[in-house]
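Notes to accompany the following structure.
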Amino acid sequence: MMETVAVKRKFSGKRNRLDKPELLAPAGNLEKLKFAIHYGADAVYIGGQAYGLRSNADNFSFEEMREGVEFAKKYGAKVFVATNIYAHNEDVAGIEAYLQSLYDAGISAVIVADPAIIEVALRAVPGLEVHLSTQQSTLNWQAVKFWKDEGLPRVVLGRETSFEEIEEIKNHVDIEIEAFIHGAMCSSYSGRCVLSNHFTDRDSNRGGCCQSCRWKYDLFEDAREDTVWVSEEDMQMKAPAPFKLGENQLPLFQEQDNAFSMGSKDLCMIGHIPELIDVGVDSFKIEGRMKSIHYVATVVNVYRQAIDSYMADPENYVLKPEWVEEMNKAANRPLNTGFFYDTPDHEDHIYEPEEKAVPYDFAGLVMDYDAATGMATIQQRNHFKPGQEIEFFGPNGTFFKQVVGEIQDQEGKVLDAARHPLQLVKMKVDQPVSYFDMMRKKK
Numbered sequence: 104m105m106e107t108v109a110v111k112r113k114f115s116g117k118r119n120r121l122d123k124p125e126l127l128a129p130a131g132n133l134e135k136l137k138f139a140i141h142y143g144a145d146a147v148y149i150g151g152q153a154y155g156l157r158s159n160a161d162n163f164s165f166e167e168m169r170e171g172v173e174f175a176k177k178y179g180a181k182v183f184v185a186t187n188i189y190a191h192n193e194d195v196a197g198i199e200a201y202l203q204s205l206y207d208a209g210i211s212a213v214i215v216a217d218p219a220i221i222e223v224a225l226r227a228v229p230g231l232e233v234h235l236s237t238q239q240s241t242l243n244w245q246a247v248k249f250w251k252d253e254g255l256p257r258v259v260l261g262r263e264t265s266f267e268e269i270e271e272i273k274n275h276v277d278i279e280i281e282a283f284i285h286g287a288m289c290s291s292y293s294g295r296c297v298l299s300n301h302f303t304d305r306d307s308n309r310g311g312c313c314q315s316c317r318w319k320y321d322l323f324e325d326a327r328e329d330t331v332w333v334s335e336e337d338m339q340m341k342a343p344a345p346f347k348l349g350e351n352q353l354p355l356f357q358e359q360d361n362a363f364s365m366g367s368k369d370l371c372m373i374g375h376i377p378e379l380i381d382v383g384v385d386s387f388k389i390e391g392r393m394k395s396i397h398y399v400a401t402v403v404n405v406y407r408q409a410i411d412s413y414m415a416d417p418e419n420y421v422l423k424p425e426w427v428e429e430m431n432k433a434a435n436r437p438l439n440t441g442f443f444y445d446t447p448d449h450e451d452h453i454y455e456p457e458e459k460a461v462p463y464d465f466a467g468l469v470m471d472y473d474a475a476t477g478m479a480t481i482q483q484r485n486h487f488k489p490g491q492e493i494e495f496f497g498p499n500g501t502f503f504k505q506v507v508g509e510i511q512d513q514e515g516k517v518l519d520a521a522r523h524p525l526q527l528v529k530m531k532v533d534q535p536v537s538y539f540d541m542m543r544k545k546k
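To convert, count from 1 in the sequence shown and add 103; that's this note's numbering.
As structure tokens, then:
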């Protein structure tokens with residue numbers, strides 16, 4: 104969970120933002136793309152069926168890309184494609200044709216880490232923008248200047264970059280800066296971890312990361328003749344200590360009956376929108392191509408409101424408690440501010456498996472609304488029934504609660520519950536709703 108207190112700070116950089124920053128959202132499939140844009144994203148980043156780092160996502164075919172681009176155009180939004188693997192020799196041959204196909208599909212930019220792919224894109228497909236991926240771990244202004252001199256208009260900074268470092272980069276280099284402002288954090292430098300390779304033979308830099316940092320581990324050390332448990336607390340562990348396992352292993356520790364995890368808390372900068380804008384971040388990036396449409400819609404919706412509110416009246420901007428409350432409805436890990444203020448310490452990591460169930464279920468999607476009768480047509484996404492309290496929410500902060508009344512099927516037959524996935528039902532709603540508004544319920 105996160106607190107509602109926001110610390111306002113001013114930056115002295117000679118290039119502060121004057122126009123509105125881009126809100127860039129993840130889209131793991133075509134449905135998520137549509138929800139991200141409908142709920143306020145200025146651009147989305149997706150994965151194609153090659154050269155990306157999310158092999159388990161519902162990656163886009165070229166036909167789906169074209170449909171996504173056409174949908175985005177209706178909102179004035181853009182579509183970027185993550186092409187951010189580190190390529191081996193076997194990958195190089197088809198890169199030029201692939202990039203040309205992306206351009207032909209209407210893709211605005213590719214997000215690239217490998218210099219070989221960057222070179223091909225700049226040379227062979229000059230109409231396609233190339234953005235440097237966070238996989239390059241770019242953290243200083245000299246590196247940013249190098250990539251600008253190579254012809255790149257935008258750099259996605261490493262998640263390890265602080266506010267002070269961003270300010271220095273903006274002071275030295277006039278280039279678009281994209282920074283992650285929400286979502287999961289890598290326990291290593293992004294693109295530098297080989298735990299997945301070691302444990303599962305799945306290459307984290309070729310789309311196969313198994314997120315082994317978030318597994319549960321028991322810690323042991325080899326027994327020695329001089330092993331001493333230094334405190335009474337050590338002796339009160341669930342497993343009596345010292346305690347032999349097999350030939351010569353001792354448990355290192357196991358607090359509160361939980362195994363150990365190396366996962367970090369998730370990044371959340373909703374309390375620091377003024378600082379992000381004032382320091383000159385051009386694109387606010389949300390992580391989560393594997394997340395649900397409920398997560399994407401909720402998080403995008405909150406950041407959209409916060410950005411618009413600040414840009415409309417910076418001097419009187421306040422962080423609204425309801426934004427924080429909304430964000431927590433989609434979070435399944437504790438939240439923090441990452442590296443923006445300080446290097447994370449022991450309080451910023453999840454040493455125990457603290458992941459919590461998301462407190463709300465995505466229950467339904469509004470497909471139609473009859474203003475004359477006050478009846479909404481709902482596509483069921485999770486079981487709900489009369490008497491349950493639900494919430495409706497939509498773009499631009501639309502929000503209200505009500506209790507579910509009578510539920511009918513499409514022919515008007517009264518139902519005791521909406522039981523079936525994607526079932527279309529009708530129910531009376533207390534306030535007007537719109538197509539693509541969401542309905543959720545507490546678990």
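By construction, the Cβ of each residue, glycine as well, lies at the ideal position given by its N, Cα and C atoms.
Note that the structure is a prediction, hence the values are computed from the model and not measured.
query	result
So who's on the other strand from residue 483, going by DSSP bridges?	467
I'd like to know whether the C-beta atoms of residue 290 and residue 366 end up nearer to each other than 8 Å.	yes
Going by beta carbon distance, what residues of the same chain come within less than 6 Å of residue 284, once the five residues before and after it are set aside?	372, 387
Ends of the beta strand (DSSP E) at residue 182?	181-185
Would you kindly check if the distance between the Cβ of residue 480 and the Cβ of residue 527 is under 8 Å?	yes
Is the beta carbon of residue 258 less than 8 Å from the beta carbon of residue 241?	yes
By Cβ distance, which residues of its chain are closer than 7 Å to residue 140, with the 5 residues on each side in sequence left out?	147, 174, 175, 178, 180
List the DSSP bridge partners of residue 371.	285
Secondary structure at residue 335, three-state DSSP: helix, strand or coil?	With a pLDDT of only 45 at residue 335, under the threshold of 50, the placement of this residue in the model should not be trusted, and no figure is reported.
Rounded to whole angstroms, what's the CA-CA distance from residue 396 to residue 145? Just pull it up for me.	17 Å
Tell me whether residue 386 sits in a helix, a strand or coil according to DSSP, three-state version.	strand
If you draw a straight line from the C-alpha of residue 540 to the C-alpha of residue 138, how long is it?	10 Å
Could you round the C-beta distance between residue 214 and residue 234 to whole angstroms and report it? I think they count as a contact, below 8 Å.	5 Å
Return the bridge partner residues of residue 148 from the DSSP annotation.	129, 183
Please confirm whether residue 237 and residue 293 have their CB atoms less than 8 Å apart.	yes
In this structure, does DSSP put residue 300 in helix, strand or coil?	helix
Tell me which residues share the same chain as residue 471 and place their Cβ nearer than 8 Å to its Cβ, disregarding the 5 neighbours each side in the sequence.	479, 480, 538
Could you say which of 447, 485, 473 lies nearest to residue 464 if we only look at CA atoms?	485
Could you pull the DSSP bridge partners for residue 541 from this structure?	468, 496
Is the beta carbon of residue 266 less than 8 Å from the beta carbon of residue 444?	yes
What does DSSP give as the partner residues of residue 521 in its beta bridges?	487
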